[in-house]
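Report on one structure; see the data block that follows.
Number of protein chains: 2
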Amino acid sequence: MTQTVSQLRPTAAELGILRALWDLGPSTVRQVQEAVSRDEPTGYTTVLKFLQIMHQKGLVERDESSRAHVYRARVTQQDTQRLMTSQLVDRLFDGSRSKLVLAALGDSGAATPEELAAIRAVLNDLERRSS
Amino acid sequence: MTQTVSQLRPTAAELGILRALWDLGPSTVRQVQEAVSRDEPTGYTTVLKFLQIMHQKGLVERDESSRAHVYRARVTQQDTQRLMTSQLVDRLFDGSRSKLVLAALGDSGAATPEELAAIRAVLNDLERRSS
DNA sequence: ACTTTCGTACGAAGTGCTTCGTTTTCGGCT
DNA sequence: AGCCGAAAACGAAGCACTTCGTACGAAAGT
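Sequence lines, in order, name chains A and B. Just so you know, the first sequence maps onto residues 1 to 131 in our numbering. Just so you know, the second sequence maps onto residues 1 to 131 in our numbering.
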């Protein structure tokens, strides 16, 4: 049953819970439920069930020492971003990351001047590195 | 039953079929099935069923004048790219497109010099536009 | 006209995702 | 010790997605 976490894709609802955990850090079910419900009202046992499933899958770990178990994300936001971005690129952009970038930037109003500067910095870095 | 196509999100299997249609242009079920099966072997009636469902949803249109109906994508690849990219950004990048861009570029080996140049061009364009 | 072939249409089964009601367990309080 | 409130565990229902078997109809060859 052990599975490589790095290849595990969270479902839509699981992603909502991961977002709460990334935001809050280690949390009880109740805390997660309250955070998630701000976005999308969700019952307590629903959230509990997801956390149990995710624990089984290895997406989260939990500390059972207290009466109210404390859950913590076992995948980082960055890794998940990379994974899901890769999958989108594969499925929809013919495997070309830069096509995704162009699409994301192409939509007007996408970025503030500061963000553009940050992107430019990365770009400079990449070009320096490759030469 | 009429629904705005621009908000319609194709499922995983539907996306595979759309990719074939984008690639081939207007095609019969058999042609789509052959193309899709190169990636992922799929039965004829399975593909037919999907095309029927997608027709119902408005994702594709069909010409029934010949015995073998001819299907054609009703959403462009670009629109779908925009839609799904937006959703990824909302769900996983706190609504910031540039975070997605940084993540996509950050992975080394992502882009060739030509691609980087193309991105830089878009960047220049954006900055000129905003000033 | 008859059979074979190829296509559409339909229904339904299998699977995974989502949600929640009910039951059980645990600690604290009296 | 017994009760109460909060939490965990369990089971199942509802829904969407995926897949395919079967039936039926039309065209083409003999």
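Note that beta-carbon positions come from the ideal geometry of N, C-alpha and C, so glycine has one too.
### Message
Using a Cβ-Cβ distance cut-off of 8 Å, determine whether residue 122 (chain A) contacts chain B.
### Response
Against the first sequence, residue 122 (chain A) aligns to sequence position 122. Yes, residue 122 (chain A) lies at the interface with chain B (some Cβ there is under 8 Å from its Cβ).
### Message
By the 7 Å beta-carbon criterion, what residues does the stretch 49-67 of chain A contribute toward chain B?
### Response
From the stretch 49-67 of chain A, no residue has a Cβ closer than 7 Å to chain B.
#### Entry: Neighbour list for residue 106 (chain B) in chain A, Cβ cutoff strictly below 7 Å
Taking the second sequence and counting its residues from 1, one reaches residue 106 (chain B) at position 106. Under the 7 Å cutoff, chain A gives 122.
### Task
My understanding is that residue 51 (chain B) touches residue 71 (chain B), with C-beta atoms under 8 Å, so please give their C-beta distance in whole angstroms.
For the purposes of this step, residue 51 (chain B) is identified with residue 51 of the second sequence, where counting begins at 1. For the purposes of this step, residue 71 (chain B) is identified with residue 71 of the second sequence, where counting begins at 1. Right, the Cβ-Cβ distance comes to about 5 Å (below 8 Å), so this counts as a contact.
### As assigned by DSSP and simplified to three states, the class of residue 94 (chain A)
Locating residue 94 (chain A) in the first sequence gives position 94, where the first residue counts as 1. Residue 94 (chain A) sits in coil when the DSSP states are folded into three classes, being neither helix nor strand.
### Message
So that I know if they touch, is there some Cβ in chain B lying closer than 8 Å to that of residue 126 (chain A)?
### Response
Taking the first sequence and counting its residues from 1, one reaches residue 126 (chain A) at position 126. Answer yes: the Cβ-Cβ gap between residue 126 (chain A) and chain B drops below 8 Å somewhere.
### Task
Would you check if there are 3 or more beta carbon pairs closer than 8 Å linking the stretch 108-126 of chain A to the stretch 39-55 of chain A?
No, they do not touch.
### Query
Contact check, residue 122 (chain B) vs residue 59 (chain A) under 8 Å by CB: the rounded distance?
Here residue 122 (chain B) refers to the residue found at position 122 when the second sequence is read from its first residue. Here residue 59 (chain A) refers to the residue found at position 59 when the first sequence is read from its first residue. Incorrect: roughly 36 Å between the Cβ atoms, too far for contact.
### Query
residue 119 (chain A) and residue 102 (chain B): beta carbons closer than 8 Å?
Taking the first sequence and counting its residues from 1, one reaches residue 119 (chain A) at position 119. Taking the second sequence and counting its residues from 1, one reaches residue 102 (chain B) at position 102. Contact: yes.
### Message
Can you look up residue 27 (chain A) in the DSSP assignment and give me helix, strand or coil?
### Response
The residue labelled residue 27 (chain A) in the question sits at position 27 within the first sequence. Reduced to three states, the DSSP call for residue 27 (chain A) is strand.
### Query
If we cut at 8 Å on Cβ distances, does residue 103 (chain A) have a partner in chain B?
Here residue 103 (chain A) refers to the residue found at position 103 of the first sequence. Cβ-Cβ to chain B under 8 Å: yes for residue 103 (chain A).
### Buried or exposed by the 16-neighbour rule on C-beta atoms within 10 Å, applied to residue 132 (chain B)
Residue numbering for chain B in the displayed model covers 1 to 131; residue 132 (chain B) lies beyond these limits and cannot be assessed.
### Task
Taking C-beta pairs closer than 9 Å, name the residues in chain A that residue 17 (chain B) reaches, listed in chain order.
Numbered from its first residue, the second sequence carries residue 17 (chain B) at position 17. Residues of chain A whose Cβ lies closer than 9 Å to the Cβ of residue 17 (chain B) do not exist; the shortest such Cβ separation is about 12 Å.
### Task
Following the continuous alpha helix (DSSP H) through residue 129 (chain B), name the residue where it begins and the one where it ends.
Here the question's residue 129 (chain B) lines up with position 129 in the second sequence. Counting along the chain, residue 129 (chain B) sits inside the alpha helix (DSSP H) bounded by residues 113-130.
### Query
Thinking C-alpha only, which one of A:99, A:15, A:78 and A:61 is nearest residue 40 (chain A)?
The count along the first sequence starts at 1 and reaches residue 40 (chain A) at position 40. The shortest C-alpha to C-alpha distance from residue 40 (chain A) to any of A:99, A:15, A:78 and A:61 is the one to A:15.
### Inside the stretch 3-72 of chain B only - beta strand (DSSP E) runs reaching at least 3 residues
With a minimum length of 3 residues, the unbroken runs of beta strand (DSSP E) contained wholly in the stretch 3-72 of chain B fall at 60-63.
### Query
residue 130 (chain B) touches chain A at which residues, Cβ-Cβ below 7 Å?
Sequence index remark: in the second sequence, residue 130 (chain B) carries index 130 (1-based). Chain A residues near residue 130 (chain B): 113.
### Query
If you compare alpha carbons, which of A:90, A:13, A:100 and A:95 is closest to residue 46 (chain A)?
Position 46 of the first sequence holds residue 46 (chain A). Of A:90, A:13, A:100 and A:95, the smallest CA-CA separation from residue 46 (chain A) is found for A:13.
### Query
How close, in whole Å, do the beta carbons of residue 42 (chain B) and residue 36 (chain B) come, if the pair is a contact with beta carbons under 8 Å?
One-based indexing of the second sequence puts residue 42 (chain B) at position 42. One-based indexing of the second sequence puts residue 36 (chain B) at position 36. Right, the Cβ-Cβ distance comes to about 5 Å (below 8 Å), so this counts as a contact.
### Any C-beta of chain B under 8 Å from that of residue 92 (chain A)
Translated into positions along the first sequence, residue 92 (chain A) becomes position 92. It does: the Cβ of residue 92 (chain A) has a partner Cβ on chain B nearer than 8 Å.
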